[in-house]
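Beneath this line is the structure, given in structure tokens, with notes to follow.
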Amino acid sequence: MSSDNPGLAIEFRGVNKWYGSFHCLTDVNLQVERQAVMTIIGPSGAGKSTMLRCINHLERIDDGEILVEGQLVGYREVGGKLKELSDGQVAQRRQGIGMVFQRFNLFAHLSAIDNVAIGPIRVLKTPRDEALDQAAILLRRVGLAEKAASYPAHLSGGQQQRVAIARALAMRPSIMLFDEPTSALDPEMIGEVLAVIRDLVGEGLTMVLVSHEIGFAREISTRVVMMDGGLVIEEGTPAQVFGAPRSERTQAFLSKVY
Amino acid sequence: MNFDWPIFIWYLWPPSAFDDPRILQGLEATVGVALVAMVIATGIGLVGALARLSRRRAFRALATAYVTYFRGTPILVQLFLVYFGCIEFHIYGFEPLDIGPIVVTGALQAGVIAIALNHGAQMTEIIRSGIIGIDRGQMEAARAIGMTYGRAMRWIILPQALRIILPSFGNQVNASILITPILITIGGQDLFGVFLAINGVNYHPIELFLDCSAYILVVSMTWAAIQRRLERRVGVSLAEARPRSNA
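Protein chains in written order, with this note's numbering: chain A, 17 to 274; chain B, 114 to 360.
In structure tokens, the structure reads:
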């Protein structure tokens with residue numbers, strides 16, 4: 017596409033999405049700079065997760081375009097019209113975008129280390145031994161070296177989510193998307209997952225996080241986006257959005273969650 | 114009329130029964146037709162299930178029509194359609210086929226095809242329900258690490274679906290062993306066909322059909338033992354993956 021800002025990791029241009037007659041994303045324009053840590057906040061049903069899932073084309077958009085590192089997501093332009101990319105091409109673009117889900121979604125039939133290694137083995141064609149070595153390093157990094165052989169069902173929620181983060185990192189992504197990574201966790205496990213995410217800041221990754229952890233967002237984010245009703249209500253630094261929200265809806269939302 | 118023990122024992126006890134070479138041939142026919150048909154049926158089922166779950170409407174429609182017909186009509190009708198239909202329209206003549214030392218008669222070939230088509234429709238539904246029984250999040254997570262649909266199916270979805278599929282698959286294999294007597298209607302000599310022929314000569318229906326039952330029972334019980342072992346092997350990872358009560 018034309019005139020892309022090379023400093024941008026992700027860019028939404030006039031994005032619209034409907035579920036049937038429900039307009040779940042309305043004219044979303046958003047820029048995420050490389051190595052930024054952006055947190056998306058807002059009430060449930062605001063379109064936060066949908067927006068995140070559009071970035072790696074797990075959801076299709078109906079109008080507008082999303083660029084990831086200057087390239088269209090899920091589509092290519094042919095003579096002014098957008099054509100959906102083939103399955104293999106979409107898969108290739110997703111390799112550089114790690115994703116962490118609210119419900120972990122670890123592969124239930126694989127041990128922790130195999131969960132982490134399977135992407136490199138089956139997608140990147142990394143030799144098995146090498147992939148397992150890398151997976152072991154990543155598990156150590158998320159504090160789960162001793163759980164390498166455990167199956168997901170034998171891990172706590174917090175442990176599963178940390179394995180899921182390691183699984184995403186194993187593909188060496190430049191962008192990490194976190195879709196409410198602590199919302200399904202018991203309170204005592206939230207801290208261990210946030211610690212792992214905090215540890216990733218400053219590693220050169222671009223991170224986009226949907227979260228209700230306001231304190232955490234304030235601490236690690238470089239940008240905060242407030243969404244409601246499919247609209248971006250306001251965007252700014254944590255100090256701006258949390259300290260002096262301009263929109264009444266943001267004020268109302270923050271007064272409820274704080 | 115008295116139960117003829119000598120006849121009963123003679124045809125029950127393999128060393129004496131196999132004096133009549135037709136019995137071993139019949140046994141081979143029953144097992145061979147059932148197993149080859151199930152290998153083909155499983156292949157059909159995999160393709161059929163993926164077609165039924167496809168985004169392409171034509172694939173879905175085709176697979177649905179296939180499943181609807183072959184699950185909704187008697188297998189005997191399907192057998193006749195395959196056998197006489199192919200001969201009548203010169204599609205395939207069902208000539209005897211020499212495979213090394215064994216000769217596969219046309220009736221047995223038709224049996225393999227008909228049972229494969231019929232059970233392929235069943236396997237389509239069995240595999241489909243196995244696939245849709247897997248949480249959607251598994252596919253999303255696989256796609257998110259850059260797997261194509263095919264890779265995600267192969268490495269993430271199908272290995273997990275196998276646990277759901279295997280018990281029904283085992284029943285289907287058993288059913289295919291038990292259905293082979295339909296072959297007598299087109300002149301095929303499965304084990305039942307052989308005993309029927311023997312009975313036609315010396316008329317001892319109780320003794321002979323009990324013997325016939327015993328042989329088929331051994332085959333089906335052998336399969337049941339194999340199935341238990343397969344299920345246990347897959348079940349190990351099932352126990353591993355069973356959610357903890359607090360999860």
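Quick reminder that beta carbons are idealized off the backbone N, C-alpha and C, glycines included.
Spell out whether any CB of chain A is found under 8 Å from the CB atom of residue i.
i        : result
B/Ser358 : Any reading at B/Ser358 is ruled out, since the residue's pLDDT is 40, under 50, leaving its predicted position unreliable.
B/Arg169 : no
B/Met266 : no
B/Gly250 : yes
B/Ile136 : no
B/Ile269 : yes
B/Val349 : The predicted model places B/Val349 with a pLDDT of 48, which falls under 50 and marks its position as unreliable; any figure quoted below should be read in that light. False, the Cβ-Cβ gap to chain A never drops below 8 Å.
If distances are taken between C-alpha atoms only, which option among the options comes closest to residue i?
i        : options                                : result
B/Ile240 : B/Met266, B/Gly313, B/Arg168, B/Leu210 : B/Met266
A/Leu74  : A/Gly86, A/Thr42, A/His125, A/Leu193   : A/Leu193
B/Asn231 : B/Ile329, B/Arg264, B/Ala255, B/Tyr179 : B/Tyr179
A/Val241 : A/Ser37, A/Asn32, A/Val53              : A/Val53
A/Ile236 : A/Gly245, A/Glu81, A/Lys97, A/Val212   : A/Val212
B/Phe308 : B/Pro128, B/Ser129, B/Phe121, B/Ile136 : B/Ile136
A/Gly23  : A/Gly231, A/Val48, A/Arg144            : A/Val48
A/Thr238 : A/Phe38, A/Gln51, A/Val44, A/Trp34     : A/Gln51
A/Leu155 : A/Ala133, A/Arg138, A/Ser172           : A/Ala133
A/Gly114 : B/Ile228, B/Gly259, B/Asp211           : B/Gly259
A/Glu162 : A/Ala128, A/Leu41, A/Asp78, A/Gly259   : A/Ala128
A/Asn121 : A/Glu196, A/Val44, A/Lys141            : A/Glu196
A/Glu146 : A/Ile57, A/Gly90, A/Met243, A/Ala186   : A/Ala186
B/Gly233 : B/Trp123, B/Phe183, B/Arg165, B/Ile311 : B/Phe183
B/Leu343 : B/Gln138, B/Pro280, B/Thr155           : B/Pro280
A/Asp79  : A/Val44, A/Phe123, A/Ser227, A/Met243  : A/Val44
A/Trp34  : A/Arg234, A/Ala62, A/Ala184, A/Gly135  : A/Ala62
B/Ile200 : B/Ile215, B/Ala220, B/Leu304           : B/Ala220
B/Gln191 : B/Gln340, B/Thr335, B/Ser333, B/Ile292 : B/Ile292
Counting only Cβ pairs nearer than 9 Å, list the residues of chain A close to residue i.
i        : result
B/Glu253 : Arg69, Leu74, Met115, Phe117, Asn121
B/Pro76  : Chain B is shown only over 114 to 360; residue 76 of chain B falls outside these bounds and no answer can be derived.
Let me check one thing: in DSSP terms, what residues is residue i bridge-paired to?
i        : result
A/Phe194 : A/Val116, A/Leu225
A/Leu98  : A/Glu93
A/Gly252 : A/Val240
B/Ile258 : DSSP output for B/Ile258 lists no bridge partner at all.
A/Val53  : A/Met223
A/Gln87  : A/Val84
B/Val216 : B/Asp211
Could you tell me which chain B residues have their CB closer than 7 Å to the CB of residue i, listed as they occur along the chain?
i        : result
A/Met187 : Ile258, Gly259
A/Arg183 : Ile258
With DSSP collapsed to three states, give me the class of residue i.
i        : result
A/Asn32  : strand
B/Asp324 : helix
B/Asp132 : coil
A/Lys163 : helix
A/Arg92  : strand
A/Val158 : coil
A/Ala124 : coil
A/Val44  : strand
B/Thr293 : helix
B/Phe207 : coil
A/Leu247 : strand
A/Ile82  : strand
A/Leu24  : strand
B/Phe116 : coil
A/His170 : helix
A/Phe281 : Summary: the structure shown does not reach residue 281 of chain A, with chain A confined to residues 17 through 274, and so no result is reported for it.
A/Gly218 : coil
B/Met334 : helix
B/Val144 : helix
A/Glu75  : coil
B/Arg169 : coil
Establish whether the CB of residue i and some CB of chain B are separated by less than 8 Å.
i        : result
A/Gln111 : yes
A/Gln177 : no
A/Asp244 : no
A/Asp103 : yes
A/Ile134 : yes
A/Lys99  : no
Give the residues of chain B in contact with residue i, contact being defined as C-beta atoms less than 8 Å apart.
i        : result
A/Val139 : Ile258, Gly259, Met260, Arg264
A/Gln108 : Gly259
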